[in-house]
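Per this note's numbering, the very first residue in the sequence shown carries number 18; after that it's consecutive.
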Amino acid sequence: MDLYNSFISICKEKFYKAQMLRRLLENAVLKSKPLNLNGTLHVEYEPIPNSIQALNRLRYEGIAVKFVTNSDKLSNRTLLNRLLAAGFTIQQKEIHSSLSAGVKYVCKNNLNPYYLVSKDARMDFPENDEKRPFDSVMIGLAPEEYSYENLNKAFNILLTNKNAKLIAMQKGKYYKRKNDLTLGPGLYVKGVEYVVGAKAIILGKPNAYFFRSAIDDDVNVNECVMIGDDIRDDIMGAMKVGFKAIQVKTGKYLPDIVAVPSPTILVENFCEAVDWILENRYKKI
């Protein structure tokens with residue numbers, strides 16, 4: 018009987034620890050943030066120093082990880098392959114991207130959009146129905162598609178059909194490249210909104226639905242931690258839905274731009290964020 022009770026006690030302790038560990042979720046990439054990817058784990062697929070080892074530490078400790086990213090320029094397959102080639106251990110099911118949200122939205126609503134997305138991202142979307150008129154405009158990060166001719170076509174589709182939807186996979190102002198910051202799709206989304214007098218449906222961060230859909234139904238938002246470099250999309254967006262948020266001083270971080278409310282903690286990099294999570298995982302914060 019003593020042996021049986023000891024076995025039950027051990028099982029209960031392991032179950033309790035497993036439940037506690039599940040409360041920590043990261044984006045990136047690690048945006049999963051609950052990990053943000055670009056700017057948090059890597060910059061143009063070059064790993065930020067010690068980020069691979071830090072990610073492996075999270076996995077070793079049994080902490081659930083999700084890569085929540087506004088990446089919408091690359092198809093999901095291309096994104097995964099580039100992350101694997103960079104040295105990250107990651108599975109397709111762990112990536113929650115604004116591109117995935119865009120594809121799901123088009124399919125769910127049976128839309129026939131005019132696409133202002135990259136050629137690689139376009140491969141994830143269903144083919145257009147040539148027998149139907151365009152009933153929406155889908156915008157993603159695609160600098161090569163933002164020509165006057167293409168934007169004018171999008172403008173006319175929305176202008177002539179009052180029921181047409183303007184959809185953006187994200188509305189980022191800028192993002193981090195290897196040597197500088199560069200314009201995101203937000204400039205073009207706002208421009209189209211202005212000329213047609215309509216608000217875009219935003220599918221990626223900081224959309225509350227996007228954050229909530231990144232976690233399992235049995236996980237509470239207050240059990241999740243977002244790690245990211247973007248004040249608006251990562252930090253403020255995550256905290257608005259109830260996540261804790263760790264801001265890193267890498268990627269697009271600018272010291273003069275502050276979050277309101279402040280992040281749970283501000284750290285130098287992803288490695289320090291992981292240190293904080295492991296030190297505080299059993300504390301009520």
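For glycine and all other residues, C-beta sits at the position ideal for the given N, C-alpha and C. Predicted model, so just to flag it, every value in this text is computed and none were measured.
Interface flag, residue i vs chain B, CB-CB below 7 Å
| i | result |
| --- | --- |
| I80 | In the displayed structure, chain B is absent; only one protein chain is listed. |
Between the CA atoms of residue j and residue i - distance to the nearest angstrom
| i | j | result |
| --- | --- | --- |
| N239 | P66 | 29 Å |
| I232 | K83 | 8 Å |
| L96 | L295 | 28 Å |
| G267 | T86 | In the sequence as displayed, the identity of residue 267 is Thr instead of Gly. Near 16 Å, if we compare the C-alpha coordinates of T86 and T267. |
| V236 | R74 | 21 Å |
| V46 | L133 | Unreliable positioning characterises V46 in this predicted model, as indicated by a pLDDT of 31, which lies under 50. The coordinate reading is nonetheless provided below. Rounded to whole angstroms, V46 to L133 spans 24 Å at the Cα level. |
| R39 | K110 | Residue placement at R39 is flagged as unreliable, the pLDDT there being 37, under the threshold of 50; the coordinate-derived value follows with that caveat. The alpha-carbon atoms of R39 and K110 are separated by roughly 17 Å. |
| V291 | N167 | 43 Å |
| S230 | I112 | 12 Å |
| D146 | D152 | 11 Å |
| I252 | Y192 | 15 Å |
| E78 | T106 | 15 Å |
| P272 | S68 | 21 Å |
| P143 | S88 | 19 Å |
For residue j and residue i, believed in contact at Cβ under 8 Å, the rounded distance
| i | j | result |
| --- | --- | --- |
| D188 | S135 | Before going further, note that residue 188 is Lys rather than Asp in the sequence given. In fact, because the Cβ distance is near 17 Å, the residues do not count as touching under 8 Å. |
| F172 | V206 | Actually they are not in contact, since the Cβ atoms of F172 and V206 sit about 13 Å apart, beyond 8 Å. |
| F260 | V242 | 7 Å |
| V258 | I244 | That pair is no contact at about 15 Å. |
First through last residue of the alpha helix (DSSP H) which encompasses residue i
| i | result |
| --- | --- |
| Y77 | S68 to Y77 |
| T57 | Where T57 is concerned, there is no enclosing alpha helix (DSSP H), given that its DSSP letter is neither H nor E. |
| A159 | It is not in any alpha helix (DSSP H) - A159 carries neither H nor E in the DSSP assignment. |
| I294 | F287 to N297 |
| G201 | G201 -> no alpha helix (DSSP H), and no H or E assigned at all. |
heavy atom of the ligand COA below 6 Å from residue i C-beta
| i | result |
| --- | --- |
| L128 | With respect to small molecules bound, the structure shown includes none, and the ligand COA cannot be examined in it. |
Endpoints, the beta strand (DSSP E) within which residue i is located
| i | result |
| --- | --- |
| Y122 | Element bounds for Y122: not the beta strand (DSSP E) but the alpha helix (DSSP H), S115 to K125. |
| I184 | K182 to A185 |
When the options are compared against residue i, the one with the closest alpha-carbon
| i | options | result |
| --- | --- | --- |
| W293 | D273, S279 and A262 | A262 |
| R139 | G104, R94 and I107 | R94 |
| T57 | I219, P150, R194 and E210 | R194 |
| L100 | N53, Y122, F142 and P143 | N53 |
| I218 | Y299, R249, Q108 and I156 | I156 |
| A215 | D141, T177 and D247 | T177 |
So, does the stretch 219-235 touch the stretch 113-128, judging by three or more C-beta pairs under 8 Å?
yes
Cβ contact check for the stretch 158-170 and the stretch 192-207: 3 or more pairs under 8 Å
yes
Give a yes or no on contact between the stretch 119-133 and the stretch 166-186, applying the rule of three or more CB pairs nearer than 8 Å.
yes
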